[in-house]
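Trainee:
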Amino acid sequence: MKMTGSQILVACLKKEGVKTLFAYPGGVNLPIFDVLYDEEAIDVVLCRHEQGGAHMAEGFARATGKAGVVLVTSGPGATNTVTAIADAAMDSTPMIILTGQVPSQMIGNDAFQEADMVGITRPCTKYNILVKDVNNLAQAVKEAFYIATSGRPGPVLIDLPKDVVMAKAAFKYPDSVYIRSYSPNRKGNKWQLKQAVQEILKAKKPVIYAGGGVLASEAPKELRALAETARIPVTNTLMGLGGFPGTHPLSLGMLGMHGTYWANMAIHNSDLIIAVGSRFDDRVTGRVKDFAPNARIIHIDIDPTSIHKVITANIPIVGDAKTTLTELNQLVSASGNGTSEKYKDWFEQIEVWKKEHPLTYEQSGEMIKPQYVIDQIYQTTRGEAIIATDVGQHQMWAAQFYKFDHPRTFLTSGGLGTMGYGLPAALGAQKAFPDKLVFCIAGDGGIVMNIQELTTAVENKLPVKIAIINNRYLGMVRQWQQLFYDKRYSSSFIGEQPDFVKLSEAFGAVGLRAKEAKDVTPVLEEALAIDKPVVMDFCVDEEENCYPMVPAGAAIHEMVFRDPVGPRPAEEILKAKKAGGILTA
């Protein structure tokens, strides 16, 4: 029996276990929606903007580890997903993007709502394909899911002309996929693993530097085993938070531009860095030529193009983090490395750094400090919520003051830094886990970029809690303008915005507001008691800055800890000449 391309597509999704589809209809994908109308196995979530729907697919994928799927129409419907596609590519998020396309015979004629999505997304997808024959559709879908979820995960786009989804063919879904030019290496080289163990045995000041690849390969258990067996402290990237418990005694917290002082100093002074599933992003390395000058570097990553790209590894190991760490742990255990006294001096030095510059803030008086809001969210949720953020100061404060003990509980835009990510990503996670507590922490600038998705939350009964850190500025932009542009706040002041309480109520959600510190905890507790979407407007200190901070162009250990006293030229801040990069009056 023959089936239409639309029926074949839906059958393929069911074969892949897809139960949730984020979607927006349009002219050329109506045949697909007509099939979905009678399909009970797939829950279609109607987003209110295609970018929002694609970010929902991202949030779903990041929370579950499965590919998120978004279906949109041609032209603007498809192009509206590009930001989320680029975001997924940068952050290694598995996602399938199904875009409608004008009929095959009209491609290239500037037809109504035509866009070359294969050409547009070639630089920001792991793979993309225009399906020209309905007989090839099932194979294309099978390959798409395989490519998106294997190796270094990423987004795969399938462009579907209207005539293809309407044509008929026999349906046969492949049992497996073999692509000669694509075969990710999962096992690390045994000789290099033995060399890595020798480096661990020789090291006196080792650090494990763990990134998002630990989460992508489901390797938190193996990472923890390595850290505990070898007694090596662990620092996480922004994307790696939750890959190692934030409250663990061996955790150094996040490193990088707004990382902890002790994590950055440990990296700078280390003699061995074991990098796992990380790509030495510029926000981590700072000035590359001065990054960890005395360290030998072991780099484990499934993506061979990430190795040697920024920092030259002494021992490069191409392999899946979970598989490779399992083998490495066996070798380390057999070596008898885990003596409690081996790194005594190293841990004592780290404790000194922790005491010198702890992560702290001063909440006094009625004005709300933004860090206090994050701290109270952590206390109120007992660290058990899934947290999605937007991008900016609040994102860094969330990374600093919320301790992530569980994998896949921190959803944020790392590589692309996409404002507008937080709310739809939180909805995607809530859809995946309806019984879990999901928080979106956003700025007053980023929240309005996809605030239309509040309607999606209300209609789908997704009780996400949204905490707006409202300082009336584009906070990170303002901070840079203060430090480097002589407080010339050009277009960073956004003022009164909408009344977020009234706006939330207009969408059918609940709106709450806290203007004083004493109101923060009661507002959070009230929000948690309400079984529907709640928007909390926290009116915080407008000029609070996010510290520590590694200024652009500085080395990772050249950190600024507080606002400079009096006018300071950018050059002086960049140099940060004094010990540890401390600027004084």
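Numbering (our numbering), first residue to last: 1 to 585.
By construction, the Cβ of each residue, glycine as well, lies at the ideal position given by its N, Cα and C atoms.
(1) What span of residues does the alpha helix (DSSP H) with residue 77 cover, start to end?
(2) With the cut-off set at 7 Å, would you say residue 422 and residue 390 are in Cβ contact?
(3) Using CA atoms only, rank isn't needed, just tell me which of 78, 455, 165 and 207 is closest to residue 3.
(4) In the DSSP assignment, what residue or residues form a beta bridge with residue 439?
(5) Would you mind stating whether residue 467 and residue 536 have Cβ atoms separated by less than 7 Å?
(6) Pull up the CB-CB distance for residue 95 and residue 58, whole angstroms please, since I reckon it's below 8 Å.
(7) For residue 129, which beta-bridge partners are listed by DSSP?
(8) Since I believe residue 458 is in contact with residue 370 (beta carbons under 8 Å), could you give me their beta-carbon distance rounded to a whole number of angstroms?
(9) Is it buried or exposed, residue 585, if we count other Cβ atoms within 10 angstroms and call 16 or more buried?
(10) Secondary structure at residue 200, three-state DSSP: helix, strand or coil?
(11) Assuming residue 408 contacts residue 65 (C-beta within less than 8 Å), just tell me the rounded distance between them.
(12) Out of 449, 83, 494 and 444, which one is the CA nearest neighbour of residue 538?
(13) Going by DSSP, name the residue or residues bridged to residue 101.
(14) Taking the beta strand (DSSP E) that residue 290 belongs to, which residues open and close that run?
(15) In three-state DSSP terms, what is residue 396?
(16) Given 8 Å as the limit, is there contact between the region 442-456 and the region 63-79, that is, 3 or more CB pairs closer than that?
(17) For a quick check, are the C-beta atoms of residue 462 and residue 62 less than 7 Å apart?
(18) Hey, out of 79, 105 and 518, whose CA is closest to residue 117's CA?
(19) Is the separation between the beta-carbon of residue 380 and that of residue 524 shorter than 7 Å?
(20) Tell me, to the nearest whole angstrom, how far the beta carbon of residue 286 is from that of residue 120; I am working on the premise that it is less than 8 Å.
(21) Would you kindly report the start and end of the unbroken beta strand (DSSP E) that includes residue 311?
(22) Among residues of its own chain, excluding the 5 on either side of residue 239, which ones have a beta-carbon nearer than 7 Å to its beta-carbon?
(23) Exposed or buried, what is residue 352 when buried is set at 16 or more other beta-carbons lying within 10 Å of its beta-carbon?
(24) Does DSSP classify residue 206 as helix, strand or coil?
(25) Classify residue 397 as buried or exposed, calling it buried when 16 or more other Cβ atoms lie within 10 Å of its own Cβ.
(26) Measuring alpha carbon to alpha carbon, tell me which of 325, 356 and 510 ends up nearest residue 265.
(27) Assign residue 544 to buried or exposed, taking buried as 16 or more other Cβ atoms, counted over all protein chains shown, within 10 Å of its Cβ.
Mentor: Considering the structure as presented:
(1) That run of the alpha helix (DSSP H) goes 76-79.
(2) For residue 422 and residue 390, yes; Cβs fall inside 7 Å.
(3) 165
(4) 387 and 465
(5) Yes.
(6) The C-beta distance from residue 95 to residue 58 rounds to 6 Å, short enough to meet the 8 Å contact threshold.
(7) 158
(8) With 8 Å as the limit, residue 370 and residue 458 do not qualify as a contact, their Cβ atoms being about 27 Å apart.
(9) Only weak support exists for where residue 585 lies, its pLDDT of 29 falling under 50; the value from the coordinates is given anyway. Residue 585 should be labelled exposed.
(10) Correct three-state label for residue 200: helix.
(11) Going by Cβ atoms, the distance from residue 408 to residue 65 rounds to 7 Å, so yes, they are a contact pair.
(12) Taking each of 449, 83, 494 and 444 in turn and checking the Cα distance to residue 538, the smallest one comes out for 444.
(13) 161
(14) From DSSP, residue 290 is part of no beta strand (DSSP E); its letter is neither H nor E.
(15) In the structure shown, residue 396 sits in a helix (DSSP, three-state: H, G or I).
(16) no
(17) no
(18) 79
(19) yes
(20) Going by Cβ atoms, the distance from residue 286 to residue 120 rounds to 34 Å, so no, they are not a contact pair.
(21) That residue, residue 311, is in no beta strand (DSSP E); it is neither H nor E in DSSP.
(22) The residues 91, 211, 212 and 414, in chain order, have a CB closer than 7 Å to that of residue 239 in the same chain once the five nearest residues on each side in sequence are set aside.
(23) By the neighbour-count rule (16 or more Cβ atoms within 10 Å), residue 352 is not buried but exposed.
(24) strand
(25) Looking at its Cβ environment, which holds 16 or more other Cβ atoms inside 10 Å, residue 397 is buried.
(26) 356
(27) buried
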